[in-house]
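Residue numbers (UniProt numbering): 1 to 449.
Spelled out as structure tokens, the structure:
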């Protein structure tokens with residue numbers, strides 16, 4: 001956390017960090033449980049393959065619900081404020097995550113068990129839909145026009161590697177300290193129930209946080225909040241919205257290739273034990289926790305856009321070298337490749353990403369724009385990346401096509417980061433008239449940074 005900062009700012013940054021950490025913690029533990037536990041606990045009478053597919057189908061339900069949650073959270077976040085919405089989303093997330101840890105099994109209640117699992121996953125997806133953008137805005141909107149958007153925006157971004165570390169650590173400890181029978185009976189529930197601790201601390205912090213000053217200042221200059229902020233944004237700034245989605249594409253594809261697909265690849269090619277990839281992922285996450293805020297400081301010195309471009313270029317180098325290093329079959333090289341690609345290069349992009357995205361839309365429609373574009377990009381980018389990678393490997397029989405796929409995604413992101421234009425608020429007397437009342441719906445002046 002920044003030194004010599006006022007208590008309000010420290011509480012806001014802490015609250016944003018806990019929210020984003022819980023988001024990524026939830027994502028990882030559900031994915032691990034879907035692979036290791038849910039087929040046996042909630043779909044015991046299906047074949048192993050059918051049970052696994054059913055478990056991952058519940059996992060996918062969350063991704064479908066997220067854009068819907070993004071629209072809802074963004075709408076109210078732009079109308080009634082960020083703080084109130086974040087309190088609701090965090091509470092709902094806690095109920096759903098803790099609820100999964102308390103669900104009865106199929107053997108206890110039959111089909112009600114998987115049905116309740118799906119309900120909990122839908123609630124998770126809806127609440128998580130606006131959590132990332134809300135957490136980011138809680139941090140970057142603390143000082144209007146601040147030159148520290150890079151550092152402030154990087155704090156919630158630490159939640160990505162931190163949540164990954166906590167989730168994998170929780171599962172690893174429980175798995176190592178319980179028998180297989182005990183793990184299936186009750187051990188798998190522990191990581192979900194531990195999530196309630198993060199929720200409790202996050203709620204305590206968010207109850208002590210006030211509304212963001214930048215949002216309050218902007219709302220004081222308009223006659224009333226927008227009735228349909230997302231609709232207005234899509235009408236007034238469709239270019240920025242589409243480009244903002246493209247900005248995230250390369251980082252998502254690279255992340256899923258390195259952390260998810262790599263396990264399938266090394267075992268399929270008999271290069272090394274899959275546990276090496278898990279160790280590499282944990283090492284990269286540990287490095288990422290340290291590197292992310294440092295990159296936030298760098299972003300404030302050289303510029304958000306410049307560091308994002310440098311990060312994507314470095315990510316391209318990492319992706320190009322990743323599979324040749326994996327193919328060497330040496331665990332040390334595999335770990336080094338993951339640490340550079342995911343722990344350093346990706347974080348050089350990820351750290352300024354939050355602050356940069358917040359500059360693209362005006363405050364009165366920023367929550368809607370950031371949340372909806374972020375969740376849609378997650379589906380288009382990371383959501384299908386493992387499937388595309390597996391298909392390319394099956395079709396070509398080689399990793400080179402996957403490398404090209406990753407490099408094309410990064411090239412698209414580079415083009416989008418270079419082309420997108422930050423929003424600049426009007427300084428004229430007309431700024432007290434809401435954009436929806438302006439005869440020119442494209443009157444917002446936009447300049448390049």
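Where a beta carbon is used, it is the ideal one built from N, C-alpha and C, also for glycine. Since we're looking at a predicted model, the values are computed, not measured.
- Apart from the 5 residues on each side of it in sequence, residue 296 sits with its Cβ closer than 6 Å to the Cβ of 150, 151, 154 and 351 in its chain, given in chain order.
- Closest by C-alpha distance to residue 37, out of 58, 393, 312 and 24, is 58.
- For residue 76, the CB contacts under 7 Å within the same chain, skipping 5 residues up- and downstream, are 85 in chain order.
- Straight-line measurement puts the Cα of residue 64 at about 16 Å from the Cα of residue 26.
- The stretch 133-198 is shown to contain no whole beta strand (DSSP E) run of 3 or more residues.
- Per DSSP, the continuous alpha helix (DSSP H) segment holding residue 312 begins and ends at 304-327.
- Distance check between residue 277 and each of 265, 286 and 70 places 265 closest, using alpha-carbon atoms only.
- Here the C-alpha atom of residue 53 lies approximately 15 Å from the C-alpha atom of residue 62.
- Nearest to residue 218 by C-alpha distance, out of 80, 12, 400 and 67, is 80.
- Short of 8 Å from the beta carbon of residue 83, and not among the five residues preceding or following it, lie these beta carbons of its own chain, in chain order: 138, 206, 209, 210, 211 and 212.
- Residue state for residue 110 is assigned as coil, using DSSP reduced to three classes.
- Secondary structure at residue 277: helix, using DSSP grouped into helix, strand and coil.
- As summarised for the stretch 360-418, the continuous alpha helix (DSSP H) elements at least 4 residues long and confined to that stretch are 363-378 and 385-396, given in chain order.
- Closest in C-alpha terms to residue 108, from the list 42, 94 and 356, comes 42.
- Per DSSP, the continuous alpha helix (DSSP H) segment holding residue 240 begins and ends at 238-256.
- A residue is called buried once 16 or more other Cβ atoms fall within 10 Å of its Cβ, and residue 240 is buried on that count.
- Secondary structure note for residue 85: its alpha helix (DSSP H) is the uninterrupted segment 82-101.
- Boundaries of the alpha helix (DSSP H) harbouring residue 14: 7-36, taken from the DSSP string.
- Inter-segment contact for the stretch 253-263 and the stretch 379-397 is present: three or more beta-carbon pairs are separated by less than 8 Å.
- Less than 8 Å separates the beta-carbon of residue 170 from that of residue 191.
- Less than 8 Å divides the Cβ of residue 305 from the Cβ of residue 417.
- Between the alpha carbons of residue 98 and residue 368 lies a gap of roughly 28 Å.
- For residue 223, the three-state secondary structure derived from DSSP is coil.
- The beta carbon of residue 291 lies closer than 7 Å to those of 343, 344 and 347 in the same chain, with the five residues before and after it left out.
- An exposed status is given to residue 44, since fewer than 16 other beta-carbon atoms sit within 10 Å of its beta-carbon.
- With contacts defined as CB atoms closer than 8 Å, residue 409 and residue 271 fail to qualify as a contacting pair.
- In the three-state DSSP reduction, residue 209 falls in the coil class, being neither helix nor strand.
- A distance below 8 Å separates the beta carbons of residue 129 and residue 371.
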